[in-house]
Amino acid sequence: MFCSANDSRVTNLKLSADLPKVENETNLVSPAGRCTEILKQYCELETLTTSMVREISTHVNELYRIKQLSEVNLEFISKFIQNQSNFIKQSEEFQFDIIEICLTFYASNDMPPQLYKESQMNIILRSIFKFCSDNFIKTQENNLSLHKMFPIIRLCAKLIDRCALPDSFLSSFVSIAIEFYFNEASSNPLQTASCSLISSIFRRYELERTQILNDIFYCIERKTGNQKSLIFNKTDRVRLNAFSVLLFDIIQSCSIYPNTIDCCNIDIIQDIINRLEELPPKYTEMFANDVFSCLSHPLYPSSISVLPYLLNMMYKHITKKTKLTRVAINSFCKGLSSVLAFREKFLVPMTIKINYNIMRILQINDLSEINVTDKYPENEKERLIAEFVVLTFVKNFFKLIDTFDTASICNISHWSSLKNMDQTESDYLDQWWHNQIPEVSDFSLNFSEVERLYVSLCQRFLIFNSVMEIIHRLLKGLTNTSSTMRGMVLKGFSSIVEMNSQFLYHPDLIPLIEKAFVDPCSSIRDAVLDIVSSYIEKNEQIKSPYFPLIIDSLKDSSPSIVRKSLVTLGNLAQKATEEELMKLSKILVSKLDDETKAVKTAAKSLLVTSLFEISFSPFVIFYEISKNIDIENDKWWTVFVKECYVKFPEKMKAVVDQVIEKVTEETNDLNSMILYNFVSVLPNCSADKHEQIITAILTAETDISVTFLMDSLLSIIPFILFPSIVNFSLLLSHLESLVCTRWTTVVRKCLELIVSIVHNICPDDNILETLQSSYADILLLSFGGKKIEENEVLRAIFVTGVLFKLIGWITPKGNINKVASILGRFYMSDSRLIRKRVLQSFVDICCRDSSQLRVSRNLVQMAFKRGDDEDALDFILKLMVEENKMDVKIEKFDEMKGNSAAPLISQFIKNITNCFKSQNKTVRTDSLKLVSIGLSNGLINAHEVLPFVIACLSSTECYKSAIETIKKCQESSFEGALKTRISDGIDQSYEFIVAFSEDKSIRRLGFTDLFTLTKNPLLRKDIMTNLVSKVYAQMDVKSDMNKCLWLCDILVNLNYEYQWEAYYVCQLLQKTVCKNSHNVLIDAGDMIEILVGTKQEKEAMSCTACWYSCLIGVMTSHWLRRRYQVNPKKLYNNEKPREDKRNVKVALIPPLNLNEIKKPQEKLEKLTPEILDIVAKLQSVVRHERATEDKAKPSVPNNTKK
């Protein structure tokens, strides 16, 4: 009877007493013969001691290592296995050593089939299954002895390839191997052996593959096992997840190594990818990272096979947000980076020396080294060498890390058949792999050389030649609805650009990157700006296709993006040409008036640097910039020019001098305007050039040029130290002639310049007295009856007013009261031009002498009576503007104070409000301005004007001013007035639309802006109540179909913010319009019966217009219920809406088009198709209303007792 070392039946005998003597000639016996003798001797004994078992194990393992175990006598092996299997069956303990010996016999190569007896194998394998189940699967208490299973699991992996096993045994092996593999207490050799066992079963038994994958993925979700190290060189190691290594091995087990990519099973890879997709995202990310880490390592070529399928799976998660989107984007970017790194290694040339023994194995004798370039390998011979070198390294690598991946190694023999080797070459290669020929002793290739060869072999595969397509797919992620995901895409793309910036300029990618610059999310625009600007700065590429996009980013609404753009442009400006600086400066100018102080400061700093530190010709850039400057509106210009002068006084003085020279050379409108833009800000810089400006005035031809030049000279006169009296005298004569020949603006500027010259330069000149005297004479003569041309009278009226404003009354002829009286009588003229000029002149007169306001008031009253509304409003506005000119704090018209003109607004408020109905758009605009001023200053009663202001919301040219006015009313104490005049405002709005129905610019639904502007819930409620009540008011004989249609359109287009608002409107419509619709339908039926003669006439309670109004009212109610998802049960049970902050729920339904319903004739004389259609539709909506009401009402039980 055989026994183990732990069995109580083992006798304590010495080995010398148990064994027969062996002759000293044992050294001449072969290892197989010695093992045979030992088995023969032990088979004759009844018991085995521990030392006997150990001696057998030593010899058997040595023969197994040198592949000579098959030479041992089969009879003794069979007898040994038979006796030991019986002992194992009877033993209650697990016999580690004996089972290992038996498995070693089974796992050995070239063993005959008769050795594998089913009964004996069943006993041994079931013993293994029972022991593992009891000690490691059902309980985790014996994890410390787990490593003892390593040799048994290793031999079981070999056994799989030697004989066929039943399905139950395979399932048990898989369960044990997976448990050992993912057990954290497993040693690295045991983990590797378990992996080899799983891979062997997976490769040989196709029917078991699905179940194996099920078990693996079930276990992955519970535990991931110990990480495994992948050695790249002596110092560089990568830690791989255990489940990734297992998946790599089972893929490679079904392939021909090292040609995994060519021969891999696509279905297996796709199945694995699909299963990973269903796991939590972290496992997909872990697996993806392992794939990318192994791409250039020859030990796991399956990583290259998996990569395209992995990226395809991730692509669908990039464009839409799922649980895997974040992982997909990160992994996609890492995968691209790995592929790019792979390609970079491919471009590195290398010379590799090949050992003579390797060439001898391949029977190639004419090579001692190979030059690896980006075109290697170029022929089949070079490919064979590269693959064999890689294979040699892998063989040594297996030995180095003690890996026993049988499933991969056993396919090496098949690889030789793909190379068309003859039988001798194939046998030689197979013997070398199985260590049956001497090793290559001086094999000294390092990992970097092998990796370079491996990369060259793999470079031919599509995944490494489709980088642009992969990047294009990544950037498709910019269409993802999540801004966070789009940001991750750009972050990943930036890491790719750092590796190879040329991807930015691929034609397929430029449109996608350009779209990112206009992304609605500022963080996305910020990210893409970082990517592009960093590269452009690095390469100083102002001519890059993205440079205009960076410039456009200056117009971005995000201050941080604008600041970054400015920094980028500042760095680029250092190397820019004058033309590029010109383009850049024009863009920077647009940011000098930015609302954000930081942006404004950065733009100003960059512009100053570009002008005075980088540019060689600041005048040219300044000249181009100032072409579009309006100094009255562009307030930043004055500040900017003064700051430039403070920092660079000499350069700014040179710029101004060049501008003056430019004007002197070519006096035109543009140059004159540019001169004024500079001189008005820096008058002291150009005072010494006043003679050139005078010359320009004398030669200027157009009114615009003369006006700008005179303004320029007006600015510098106070700073002239040494004036040229002769030139100024010539100028005064020229100005006097201009007063007599030019009109309005030019004449006023001429008079202002004359006054300035007389007061500052030529005080003895009497030109002012002469002008005032001569034009006063013209007025007196004309008033006396002398016939004078109208143009001369107009000029005299204008000049008299301007001169009085500038200098008062200095002529001894008459006095201002007399002249004012005469001017007032000129208003009786039939000429509208004279009347208008009189009012304009009185603006100037009243500015200097407020006592003349009494005459002006009478003139305004006459103007309104005569229908000169535009002139009257213009007078009041201009008078207020002139009175408020000195107040620099005033920026808007409605901030002006009343002063002496204030009584005019309150006095003529009725005339002003009547102007709202004028066909003249200017009149309507001016009247609204005066009303706004009046409300701001408390000059008028808000109740009187608010309906007209509300009506102005429907006017295209007035609605902005109306909105500002209504906002001020809501912020001040006029909110109560607004509440009481909503109803009148609705009526006025409708009358306004009717009055200007032919005007295409009218905003038909402008009233809805009032609801949008209103934030007070009570006021919003009043607006809705008034609208619905006016709809209900149209359901009588006096119905106005157009007004009802307009009101319903307003209700449909109101900007409901909260759910209670929509519910409230629906409730109001249901209580009024819908409730009364049944009576209207009955009356309509009666009227039709009267027309067809089946019923006697009665007094009409409604008409066709009423039917139409009822129909569109009910349709509006039904549409609003569907649109805003109003619950009918709450509606018909009269539940009050809760005025909470729940946002409105909006359903996606087609818009309501009430204009499709044809309006019937108001007089019902005969039945027409339109009338019948109205009644039919009305009947349909009433039935729908009744059905909805019946469903909403609570049902009454049928079994109620009487």
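Note that my numbering has the sequence shown beginning at 344, numbered continuously upward.
Note that CB positions come from ideal geometry on N, CA and C, so glycine has one too.
- Nearest neighbour of D1342 by Cα position, chosen from Y643, S1304, K1260 and L1361, turns out to be K1260.
- 8 Å or more divides the Cβ of Y643 from the Cβ of F560.
- The beta-bridge partner set that DSSP reports for N714 consists of T694.
- Check the Cα spacing between I1036 and each of K858, N531 and L1074: the tightest is with L1074.
- Taken in chain order, the complete alpha helix (DSSP H) segments of 4 or more residues contained in the segment 1184-1220 are 1196-1209.
- Partner residues in the beta bridge of L583, as assigned by DSSP, are K571.
- Counting C-beta pairs with one atom in each stretch, the segment 1329-1347 and the segment 1279-1288 have fewer than three that are closer than 8 Å, which means they do not touch.
- Looking at the DSSP output, Y1401 sits in a beta bridge with N1486.
- Taking 8 Å as the cut-off, the beta carbon of V963 is found no closer than this to the beta carbon of V905.
- Under the three-pair Cβ rule at 8 Å, the segment 1064-1078 does not count as touching the segment 1127-1139.
- Taking the Cα positions, T1087 is about 51 Å away from S865.
- Close CB contacts of I521 within its chain, under the 7 Å cut and outside five residues either way in sequence, are with I541, D558, I559 and C562 (chain order).
- In this chain, the alpha helix (DSSP H) harbouring R1466 covers T1447 to R1466.
- Buried is the label assigned to G1144, since at least 16 other Cβ atoms lie within 10 Å of its Cβ.
- Nearest in C-alpha terms to I519, of all of L489, A507 and D504, is L489.
- Excluding sequence positions up to five before and after A1139, its CB lies within less than 6 Å of the CB of Y1118, I1121 and L1122, all in the same chain and listed in chain order.
- Sequence-distant partners of N608 (beyond 5 residues in either direction) whose C-beta falls short of 6 Å from its own C-beta, in its chain, are C597.
- Rounded to the nearest angstrom, the gap between the Cα atoms of M657 and C538 is 27 Å.
- Contact check for Y1399 and R1485: beta-carbon distance about 11 Å, past the 8 Å limit, so the pair fails to qualify.
- Counting other Cβ atoms within 10 Å of its Cβ, A1043 reaches 16 or more and is therefore classed as buried.
- Taking all protein chains in view, the Cβ of S933 is surrounded by fewer than 16 other Cβ atoms within 10 Å, so the residue is classified as exposed.
- The criterion of a C-beta distance shorter than 8 Å is not satisfied by F1354 and R1346.
- In the structure shown, the three-state DSSP call for C1312 is helix.
- Secondary structure at V861: coil, using DSSP grouped into helix, strand and coil.
- Taking P961 as the centre and dropping the five residues before and after it, the same chain places the C-beta of L954, F955, K994 and V998 closer than 7 Å to its C-beta, in chain order.
- Between the alpha carbons of A729 and P692 lies a distance of about 15 Å.
- Going by DSSP, F1071 is part of the alpha helix (DSSP H) stretching over I1068 to T1084.
- Per DSSP, the continuous alpha helix (DSSP H) segment holding I964 begins and ends at P961 to I968.
- Around the C-beta of R1197, fewer than 16 other C-beta atoms lie within 10 Å, and the residue is accordingly described as exposed.
- Annotation: the continuous alpha helix (DSSP H) that includes H1033 extends over H1033 to T1042.
- Under the 10 Å beta carbon count, E1226 is surrounded by 16 or more other beta carbons and is classified as buried.
- Here DSSP, grouped into helix, strand and coil, assigns I1276 to helix.
- DSSP places M464 in the helix class (H, G or I) of the three-state scheme.
- Annotation: the continuous alpha helix (DSSP H) that includes T401 extends over T393 to R408.
- For the 8 Å CB-CB criterion, L1273 and V1292 do not form a contact.
- For R546, the enclosing alpha helix (DSSP H) begins and ends at N531 to R547.
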